[in-house]
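Let me begin by presenting the structure, written as structure tokens, before commenting on it.
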Amino acid sequence: MVAFLLVLGVHGICNVSNDGLMACKPAIQNDNPVDQPSKTCCKALKYANVTCLCEYKDSYMLRTLDINSTRAMELPYMCKTATAPIDCTSARHG
Numbered sequence: 001m002v003a004f005l006l007v008l009g010v011h012g013i014c015n016v017s018n019d020g021l022m023a024c025k026p027a028i029q030n031d032n033p034v035d036q037p038s039k040t041c042c043k044a045l046k047y048a049n050v051t052c053l054c055e056y057k058d059s060y061m062l063r064t065l066d067i068n069s070t071r072a073m074e075l076p077y078m079c080k081t082a083t084a085p086i087d088c089t090s091a092r093h094g
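Heads up, the sequence shown is in the UniProt record's numbering, so the first residue is 1 and it goes up one at a time.
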């Protein structure tokens, strides 16, 4: 967990705080993920920068942290902060 926070930095990533990221991890981990993200996770995602999240979708960092990128991209949909899972192909710029 400490390595996770060090990689992401003091303030989290993509407008999601470290506390929010840690609250989401049980729902997006590769081994035995929970079915639904916690309320804390969903609250943290409310202001997430979706385009920024797409930049990390295929990141080595996610694999190292045992995060399932497909589930991670579904989080806003699972939290009902979006009407569909994130489509990173349309969110990419240039």
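Here a beta-carbon is modelled for each residue, glycine too, at the ideal position from N, C-alpha and C.
Roughly how far, in whole angstroms, is the beta-carbon of residue i from the beta-carbon of residue j, given that I think they are within contact range, below 8 Å?
| i | j | result |
| --- | --- | --- |
| S38 | A23 | 5 Å |
| L75 | L45 | 6 Å |
| I28 | N68 | 6 Å |
| C88 | C42 | Contact doesn't hold; Cβ gap of about 20 Å is too wide. |
| P33 | R71 | 6 Å |
Does residue i get closer than 8 Å to chain C when you measure Cβ to Cβ?
| i | result |
| --- | --- |
| D31 | Of the chains in the structure shown, none is chain C; there is only one protein chain. |
Identify the residues that DSSP records as bridge partners of residue i: which are they?
| i | result |
| --- | --- |
| V34 | BP columns for V34 are empty, so no partner. |
| V16 | I13 |
Considering Cα atoms alone, identify which of the options is closest to residue i.
| i | options | result |
| --- | --- | --- |
| T81 | V50, L62 and D66 | V50 |
| N18 | I86, R63, T40 and R71 | T40 |
| V16 | V34, S59, L53 and P33 | L53 |
Along the chain, which unbroken stretches of the beta strand (DSSP E) at least 3 residues long are found entirely within the segment 38-85? Here no run is fully enclosed.
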